[in-house]
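Numbering follows my numbering, in which position 148 of the sequence shown is assigned residue number 148; successive positions increment by one, without gaps.
Ideal Cβ positions, reconstructed from N, Cα and C, are used throughout, including at glycine.
Contents: one structure, followed by commentary.
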Amino acid sequence: MVVEEAERCCVVLVPSPFQGHITPMLQLAFVLYAKGFSIVINHPELNPPDSSKHPEFTFLPLKDGMSNSDPSFLNLFDIIPERNMNGRVPFHDYLVEMMEKPEIYGRISCIVYDHLMYLTTEVADHLKLPTILLRVSSCAYMEAACTFFQLKADNYFPMPESQLLIQCQKYLPSAIIWNTIENLENQALSWFQQHDRVPIFTIGPLHKITSSLHMSLAEQDTSCISWIDTQAPNSVLYVSLGSIVVMDKEEFVETAWGLFNSNQLFLWVVRPSATEHDLPIEAVGDRGHIVKWAPQKEVLAHPAVGGFWSHCCWNSTLESILEGVPMICRPCFGDQNVNAILDSCMEGRP
Ligand code: UDP
């Protein structure tokens, strides 16, 4: 598509290949598009967003030689350095092409990137393009992580090198955008305002600003909404551990029997990657409904849903808080543990 207005500016967005990271990046893309920017998404080949659902944007796959597969089978700490290594040259070449053809893409005003895509700053710096970091985790988590890194640097706290490799990248952005709520995280935000030398902006919760948009990489099974429609207010427990967490067999079977025997109505998301464990599906009866992927925001907004058994990753946490749905926290890794503590601190607050 040829850009009609000669002065139209373009923002290039670089998401990482995970649902919880792609969603806020696409939501931000819509916010910027509504402000008049043309949008180019330089997306991963692994787990790509469906470009046909977003005809407003230009999608350019970052050719990093990694095939498409369920991210729950992958080791995050292995694939991220590889992606960053492989993606440098193609990303550089895309940017050069875009800069040479402003009549097609618009003039690049900045690149917004996910912190896992740290190749961005090196390439952008070389081409003298400004970058903005979009933070898709909670501010409280990053404050805790930075404190750990300092303890590690001071030799107080051991941490695997592979994790440090990703988390300790030095960022050189012009600004940082947090998908968070100022009133919820004002303490952690002021910590960053004191420690980071770049402007910090909060924009969250993005899912409320762009509430009508569907960002799912997997197909949503909407049959569960008809099932919830038949239930009484606050009677259903929604159970989902997001797009990456995989329970081991023992926990999976215990969870299944715990739900089946609880006399509690439940809607449980069991992704295909979890079904290698035998699910005693015949034991579900009328009390439960199981889907491979749910329209989660719609589910949490439904009056029949009274609780959320969650892994507490940041998108799910924000979505639950904004609908006022209390959570049963089952954090597994990354920011989930800190978010679970944040959730329990909020318990009882208005
Ligand atoms: N989600 C969904 N359907 C599901 C499970 C999750 O639409 O069955 C969405 C959820 O609304 C959230 C995202 O997937 O926006 C998951 O992101 P989160 O940060 O909570 O967890 P992650 O998948 O990164 O572990």
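Proximity test, residue i beta-carbon vs the ligand UDP heavy atom, cut-off 8 Å
i      : result
Phe18  : yes
Leu184 : no
Met360 : No statement about residue 360 is possible, as the shown extent of the chain runs from 1 to 350 and does not include it.
Val305 : no
Ile80  : no
Ile104 : no
Gly324 : no
Ile244 : yes
Pro295 : yes
Gln264 : no
Trp314 : yes
Ala218 : yes
Thr255 : no
Leu134 : no
Met99  : no
Thr131 : no
Ser240 : yes
Met215 : yes
Glu56  : no
Val269 : yes
His311 : yes
Glu319 : yes
Val291 : yes
Thr23  : yes
His115 : no
His302 : no
His195 : no
His43  : no
His352 : In the structure as shown, the chain starts at 1 and stops at 350, and residue 352 therefore has no counterpart that could be examined.
Residues that residue i bridges to, as DSSP identifies them
i      : result
Leu127 : Bridge partners of Leu127: none, in fact.
His289 : Leu267
Leu119 : For Leu119, which the question treats as bridged, DSSP gives no partner whatsoever.
Ile351 : For residue 351 there is no data in the structure shown, the boundaries of the chain being 1 and 350.
Leu60  : Asn42
Asp114 : Leu134
Ala304 : None; Ala304 has no bridge partner.
Arg107 : Cys9
Ala175 : Ile132
Ile200 : Ile176
Inter-residue CB distance, residue i and residue j (contact presumed, cutoff 8 Å)
i      : j      : result
Phe308 : Gly288 : So it is not a contact: roughly 15 Å between Cβ atoms.
Phe91  : Leu119 : 6 Å
Leu322 : Phe30  : Not confirmed; about 18 Å, so no contact.
Gln19  : Leu217 : 5 Å
Tyr105 : Asn42  : The pair is not a contact, with the Cβ atoms about 11 Å apart (cut-off 8 Å).
Pro331 : His311 : 6 Å
Cys110 : Thr131 : 7 Å
Thr222 : Pro102 : Contact doesn't hold; Cβ gap of about 42 Å is too wide.
9 Å Cβ cutoff met for residue i and residue j
i      : j      : result
Ile290 : Leu28  : no
Ile108 : Leu129 : yes
Pro48  : Tyr113 : no
Val11  : Leu32  : yes
Met25  : Val136 : yes
Gly36  : Leu62  : no
Met142 : Phe201 : no
Pro272 : Lys292 : yes
Thr180 : Ser138 : yes
Ile39  : Phe57  : yes
Ala188 : Asn339 : no
Ile225 : Val299 : yes
Asp196 : Ala304 : no
Val284 : Ser240 : no
Ser16  : Met117 : yes
Gly242 : Cys345 : no
Ala232 : Val198 : no
Arg83  : Leu60  : no
Pro205 : Glu122 : no
Thr23  : Asn315 : yes
Gly306 : Ser262 : no
Ile328 : Leu237 : yes
Heavy atom of the ligand MN within 8 Å of residue i beta-carbon
i      : result
Ser138 : Of the ligands this structure carries, namely the ligand UDP, none is the ligand MN.
For the stretch 8-42, list the alpha helix (DSSP H) runs that are entirely contained and at least 4 residues long, ordered along the chain. Taken in chain order, the whole alpha helix (DSSP H) runs of length 4 or more contained in the stretch 8-42 are 19-34.
Runs of 3 residues minimum, wholly inside the stretch 220-254: which ones carry the beta strand (DSSP E) assignment? If we require 3 residues or more, the beta strand (DSSP E) runs fully inside the stretch 220-254 come out as 236-240.
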